[in-house]
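Reading through the C-alpha cells given below for one structure.
Protein chains: 4
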Amino acid sequence: MRTSRIGVIGSAQCSREIYHLAEQVGEGIARGGALLICGGLGGVMEGACKGAKSAGGTTIGILPGVRPEDANIYVDIPLATGLGLARNLFVVRSSQALIAIEGGYGTLSEIAFSLQLGVPVIGLRTTYTDAQMLRAHNAADAVKQAFAMLTARPPAGKWTRKGSPQPA
Amino acid sequence: MRTSRIGVIGSAQCSREIYHLAEQVGEGIARGGALLICGGLGGVMEGACKGAKSAGGTTIGILPGVRPEDANIYVDIPLATGLGLARNLFVVRSSQALIAIEGGYGTLSEIAFSLQLGVPVIGLRTTYTDAQMLRAHNAADAVKQAFAMLTARPPAGKWTRKGSPQPA
Amino acid sequence: MRTSRIGVIGSAQCSREIYHLAEQVGEGIARGGALLICGGLGGVMEGACKGAKSAGGTTIGILPGVRPEDANIYVDIPLATGLGLARNLFVVRSSQALIAIEGGYGTLSEIAFSLQLGVPVIGLRTTYTDAQMLRAHNAADAVKQAFAMLTARPPAGKWTRKGSPQPA
Amino acid sequence: MRTSRIGVIGSAQCSREIYHLAEQVGEGIARGGALLICGGLGGVMEGACKGAKSAGGTTIGILPGVRPEDANIYVDIPLATGLGLARNLFVVRSSQALIAIEGGYGTLSEIAFSLQLGVPVIGLRTTYTDAQMLRAHNAADAVKQAFAMLTARPPAGKWTRKGSPQPA
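For the protein sequence lines, the chains are H, S, F and E, in the order given. Using numbering that gives the first Met the number 0, the first residue of the first sequence is number 0, and each one after it goes up by one. Using numbering that gives the first Met the number 0, the first residue of the second sequence is number 0, and each one after it goes up by one. Using numbering that gives the first Met the number 0, the first residue of the third sequence is number 0, and each one after it goes up by one. Using numbering that gives the first Met the number 0, the first residue of the fourth sequence is number 0, and each one after it goes up by one.
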C-alpha cells in the first residue's frame, strides 16, 4: 500500500522555539504513519526530520542543489534536484497536504503554489494569511488537520483541477 | 548592446480595467526601450504585450506548456518551457525588474521569488503587500520606478546575494 | 544511516523479455539493500519496481506529470514533478549509480546526463555505447557492478567535477 | 508576425575550426531571418551568436546558471534559468529546428530530447548518428535544411505527438 505523504515547509534558519515546534510536527506525522516530505535543509526542515526520526518515521529531503550531502542528518532519502528554487514547487507537488511553520519568502512561494494547485496547506505561526488557507494553533492541531485532509481528499484529479479561483 | 528586460506579472484572466492598465504598462516599457518579459498567456500578460507592440516594442512569452501556439497574439518570441508553474521562477529570473498588476496565487509565487532573490518588484493594485516591495499608484509611476531600478542596479552578482532577509 | 540509491532507466513500453530482465535487476537492487529510483511509469520502470517489491525493497517513482496516480502499482513513493522530460535529469541526479536497460531516446537523454555528470551508468542491452559507459551482460552482473560503484565512489563532490571530457 | 526560431547546440569549448563553422551557421540563420536560440555560453554557442550578429540577427541565450552576465558577449537576450542542465530541454523546446555542431554529452542529451519530441535536428560533425536525425556536410547545407524543416512543419501540435518511436 502506498504511504501517505505530508510536507513540512519553513525557513532554513529559525529560532529554538520554532525548531522545537517543527520537531513536534515531524513526530506527529511519523506517529500517524505518513512519510515526511521537506526541502531537506536546516531550520524548520531539520527540526521536522529530527522529530520524525525520533518516532521511527521516514524522511525525504528535496534539495535545491546538486549535492545529496547538503541534506540535514535526519534525512533518509536525499534527492538533489539541481533546480534551485524551482524545487519549491516540487516539494508542494510531492505532498498530499502541507504544514507551513513560520517561514520567509521561500515558504511564501510554496504556500502560493499550494493555494493555486489546491493542495491543502495548514499555517502554523505563518505571517501570511489567506481565506483559502487552514490555520492551526499548535503542532498537534496542525498534524490532526493534515491527516484529516488526507482522508477528506476527493478522487484523483479533482484537486488539480479546482483550487485556482484566481488563475495566474 | 544588451537590451534591458522588464517583466510584467499578473493573472491570465482579468477585468477590462486591469487589462487596460497592463496595456499602459506595456506601452511604457516599450517606449523606454526595454524588452517585455511575461508568462505569454492572456489577461494581464496579453494586455502588456499588446501595449508594448503598439509602441513598437519586443515581447517574450515564457509559457508553462509545450505549445508555442498557446502564446497570446502579441508575443513576438514564444518560449514553451513545458515546466508548468516552475516557469514562474524563470519569468522572475529573466527580468531585471518586475511590475506586478493585481494577480492571484501564481503572481504571489512570483512576488515571493522576486523578494527572495532580490529582483526589484513594483506592485500595482496587488493585494499582497510587503515592506520589501515597491508600490505604484498608476501605470506611468510603475514604469518609471522599474526603469529607475535598472539604473540603480548594483554591480553583477550583488542582487542575487542580498534580498533574502528571511531565508527559506 | 542513509540508504543507497540505485536508479533503473528504460522505456515505458518493452517486450516481455526486457520486462523480466528489469524485474531481475529490481530484485537484485532490493536484495542488496538499496532503494530503487526510477521514472515511475510502465515497461522497464514497472518491471524493476515489481522485482524490488518481490524482494521487500522500497521504490521511488519520479514522474513527469502532475498525477501521483500515474505511477505503476509497484511504486511506494510517487513523486509527481510536473516537469515533463526535465524529470529525466532529476532521476539521474537522485541516483548514485544507474542501470540502463535497452531504452529509447528518453533513456539516451538520461545516459547523456549521467556521462556528463559522472554518475556511473551500466548498460544492459542498450543500443548506445560509449567508452565512458560500463556494460553488463546479464541482470546479476549489472547489479553487481552498480553496487561496486557505490563503494568505489570518491569523496563527495569529486564526481560532479570529473566525467565531462567533452563539456557541452 | 512571429519570428522563426532556430537553435544551435554544441560544446562550450571547441577548436578554432568548429568555432568558425558555428559562425557560418549563425550567419546563415540571421540572413534567413530567423532568431538564433542557444545555450548562451562559449565555444559553439559563442561562434553561432557572433556569426548571427555579424549579419544583423538577434540572439537568445538560455543559460544554465543564475547570472545573465555569464552569457557570451554576442547574446542579445540572456535568459538565466537557474535550472542547470535541465535548461538543455528548454533550448530544444524553444526551437523549431536545431543544428547540432560536433558536441559532447550535453549536446547528446539535447539531440535525444529533439528526437523524442520530434523537433527536427540536423547534425554537422556530430559523432552520434541516428536514422531519425538529419545530416549536413557543411554550414550552408545545415542552414538550408533547417529552414526547409520550418516550412515543412505540420500544423501545430502534430510534431509534439509524433517522433517518439521508442517511448521512454
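By construction, the Cβ of each residue, glycine as well, lies at the ideal position given by its N, Cα and C atoms. Keep in mind that this is a model prediction, so the values were computed, not measured.
Alpha-carbon spacing of residue 97/S relative to residue 86/E, whole angstroms: Within the second sequence, residue 97/S is the residue found at index 98, counting from 1. Within the fourth sequence, residue 86/E is the residue found at index 87, counting from 1. Roughly 22 Å between the two C-alpha positions.
Same chain, Cβ closer than 8 Å to residue 159/F, five either side skipped, listed in chain order: Within the third sequence, the letter at position 160 stands for residue 159/F. Any reading at residue 159/F is ruled out, since the residue's pLDDT is 35, under 50, leaving its predicted position unreliable.
Contact the stretch 16-31 of chain F vs the stretch 41-56 of chain F: 3+ CB pairs below 8 Å: Yes: the two stretches touch, three or more of their Cβ pairs being nearer than 8 Å.
With residue 58/H as the anchor, note down where its beta strand (DSSP E) starts and where it stops. Within the first sequence, the letter at position 59 stands for residue 58/H. Looking at the DSSP string, the run of the beta strand (DSSP E) that includes residue 58/H is 58-62.
If you draw a straight line from the alpha carbon of residue 27/E to that of residue 72/F, how long is it in whole angstroms? By 1-based counting over the fourth sequence, the position of residue 27/E is 28. By 1-based counting over the third sequence, the position of residue 72/F is 73. Approximately 51 Å, taken between the alpha carbons.
Of all the CB atoms in chain F, is at least one closer than 7 Å to the CB of residue 117/S? As a working note, residue 117/S is residue 118 in the second sequence. Closer than 7 Å: no.
Cβ-based burial, residue 135/E [other Cβ within 10 Å; buried from 16]: By 1-based counting over the fourth sequence, the position of residue 135/E is 136. Buried, by the Cβ-count rule.
Opposite residue 134/F in the DSSP bridges: which residues? For the purposes of this step, residue 134/F is taken as the residue at position 135 of the third sequence. Paired residue(s): 122/F.
For a test of the three-state rule: what should DSSP assign to residue 39/F, helix, strand or coil? Locating residue 39/F in the third sequence gives position 40, counting from the first residue. Residue 39/F falls in the coil class under three-state DSSP.
From residue 108/F to residue 89/E, what does the alpha carbon distance come to, in whole angstroms? What you label residue 108/F is simply residue 109 of the third sequence in a count that begins at 1. What you label residue 89/E is simply residue 90 of the fourth sequence in a count that begins at 1. So the alpha carbons of these two residues sit roughly 13 Å apart.
Let me make sure I understand the geometry here. Which of 53/S, 11/S, 59/S and 111/S has the alpha-carbon closest to that of residue 93/S? For the purposes of this step, residue 93/S is taken as residue 94 along the second sequence, with counting starting at 1. By alpha-carbon distance to residue 93/S, the top candidate from 53/S, 11/S, 59/S and 111/S is 59/S.
Taking the alpha-carbon positions, what's the residue 43/E to residue 127/E distance? As a working note, residue 43/E is residue 44 in the fourth sequence. As a working note, residue 127/E is residue 128 in the fourth sequence. Taking the straight line from one Cα to the other gives about 17 Å.
Would the beta-carbon of residue 83/E fall within 7 Å of that of residue 63/E? As a working note, residue 83/E is residue 84 in the fourth sequence. As a working note, residue 63/E is residue 64 in the fourth sequence. At the C-beta level, residue 83/E and residue 63/E come within 7 Å of one another.
Buried or exposed: residue 29/S, going by 16 or more other Cβ atoms within 10 Å of its Cβ? Residue 29/S sits at position 30 when you count from the first residue of the second sequence. Under this definition residue 29/S is a buried residue.
Using a 10 Å radius around the Cβ and a threshold of 16 neighbouring Cβ atoms, would you call residue 167/S buried or exposed? As a first step, residue 167/S is located in the second sequence; it is residue number 168 there, counting from the start. Unreliable placement is indicated for residue 167/S, whose pLDDT of 38 sits below 50; no coordinate value is reported for it.
Between residue 106/H and the rest of its own chain, which residues show a CB-CB distance below 6 Å, the 5 nearest in sequence each way excluded? Within the first sequence, residue 106/H is the residue found at index 107, counting from 1. Around residue 106/H: 8, 9 and 99.
Inter-residue spacing [alpha-carbon to alpha-carbon] between residue 133/S and residue 67/H: If you number the second sequence from 1, residue 133/S lands on position 134. If you number the first sequence from 1, residue 67/H lands on position 68. Separation of residue 133/S and residue 67/H (C-alpha to C-alpha, rounded to the nearest whole angstrom) is 37 Å.
In the DSSP assignment, find the alpha helix (DSSP H) that holds residue 88/H and state where it starts and stops. Translated into positions along the first sequence, residue 88/H becomes position 89. Following the DSSP letters along the chain, one finds residue 88/H inside the alpha helix (DSSP H) bounded by residues 86-93.
Judging by CA-CA distance, which residue of 1/S, 149/S, 14/S and 129/S is the nearest neighbour of residue 74/E? Here residue 74/E corresponds to residue number 75 of the fourth sequence, with the count starting at 1. Looking at 1/S, 149/S, 14/S and 129/S, the one whose alpha-carbon comes closest to that of residue 74/E is 1/S.
Selected residue, minimal CA-CA separation from residue 65/F, among 39/F, 4/F and 102/F: As a first step, residue 65/F must be located in the third sequence, where it is residue number 66. It is 39/F.
Output needed in chain order: residues of the stretch 73-84 of chain F with a Cβ under 9 Å from some Cβ in chain H. Here the close residues are 74, 75, 76, 77, 78, 79, 80, 81 and 82.
Taking the alpha carbon of residue 18/H as the point to measure from, which residue in 31/H, 55/H, 3/H and 51/H has its own alpha carbon closest? Position 19 of the first sequence, counted from the first residue, corresponds to residue 18/H. Residue nearest to residue 18/H within the set 31/H, 55/H, 3/H and 51/H is 51/H (criterion: CA-CA distance).
Within 7 Å (strictly less), CB to CB, does residue 93/S reach chain E? As a working note, residue 93/S is residue 94 in the second sequence. Chain E contact via Cβ: present.
Residue 124/H to residue 114/S span [Cα, whole Å]: As a working note, residue 124/H is residue 125 in the first sequence. As a working note, residue 114/S is residue 115 in the second sequence. Their Cα atoms are separated by approximately 20 Å.
Rounded to whole angstroms, what's the CA-CA distance from residue 31/H to residue 112/S? Just pull it up for me. Here residue 31/H corresponds to residue number 32 of the first sequence, with the count starting at 1. Here residue 112/S corresponds to residue number 113 of the second sequence, with the count starting at 1. Cα to Cα, residue 31/H sits roughly 33 Å from residue 112/S.
Apply the 10 Å Cβ neighbour rule to residue 15/H and answer buried if 16 or more other Cβ atoms are within range, or exposed otherwise. Taking the first sequence and counting its residues from 1, one reaches residue 15/H at position 16. Classification of residue 15/H: exposed, given that the 10 Å Cβ count is below 16.
Measure the Cβ-Cβ separation of residue 145/E and residue 36/E and say whether it is below 7 Å. What you label residue 145/E is simply residue 146 of the fourth sequence in a count that begins at 1. What you label residue 36/E is simply residue 37 of the fourth sequence in a count that begins at 1. With contacts defined by Cβ atoms closer than 7 Å, residue 145/E and residue 36/E do not form a contacting pair.
Under the assumption that residue 110/H contacts residue 141/H (Cβ atoms under 8 Å), give the Cβ distance between them as a whole number of angstroms. Residue 110/H sits at position 111 when you count from the first residue of the first sequence. Residue 141/H sits at position 142 when you count from the first residue of the first sequence. Not confirmed; about 14 Å, so no contact.
Should residue 103/F go down as buried or exposed, given a rule of 16 or more other Cβ atoms within 10 Å for buried? Working through the third sequence from its first residue, we reach residue 103/F at position 104. The residue is buried, with at least 16 neighbouring Cβ atoms inside 10 Å.
Can you check whether the C-beta of residue 87/S is within less than 7 Å of a C-beta belonging to chain E? Taking the second sequence and counting its residues from 1, the one referred to as residue 87/S is at position 88. No, because no Cβ of chain E sits closer than 7 Å to the Cβ of residue 87/S.
Alpha carbon to alpha carbon, how far is residue 119/F from residue 149/F? Give it in angstroms, no decimals. Numbered from its first residue, the third sequence carries residue 149/F at position 150. Numbered from its first residue, the third sequence carries residue 119/F at position 120. Those two C-alpha atoms are separated by around 9 Å.
Going straight from the alpha carbon of residue 69/E to that of residue 76/H, what length do you get? On the fourth sequence, position 70 is the one that residue 69/E refers to. On the first sequence, position 77 is the one that residue 76/H refers to. If I take the Cα positions, the gap works out to 33 Å.
Residue of 33/S, 11/S and 12/S minimising C-alpha distance to residue 143/S: Here residue 143/S refers to the residue found at position 144 of the second sequence. Closest option to residue 143/S, judged by alpha-carbon separation, among 33/S, 11/S and 12/S: 33/S.
Residue 6/E by DSSP, collapsed to three states: which one? Translated into positions along the fourth sequence, residue 6/E becomes position 7. Residue 6/E sits in a strand when the DSSP states are folded into three classes.
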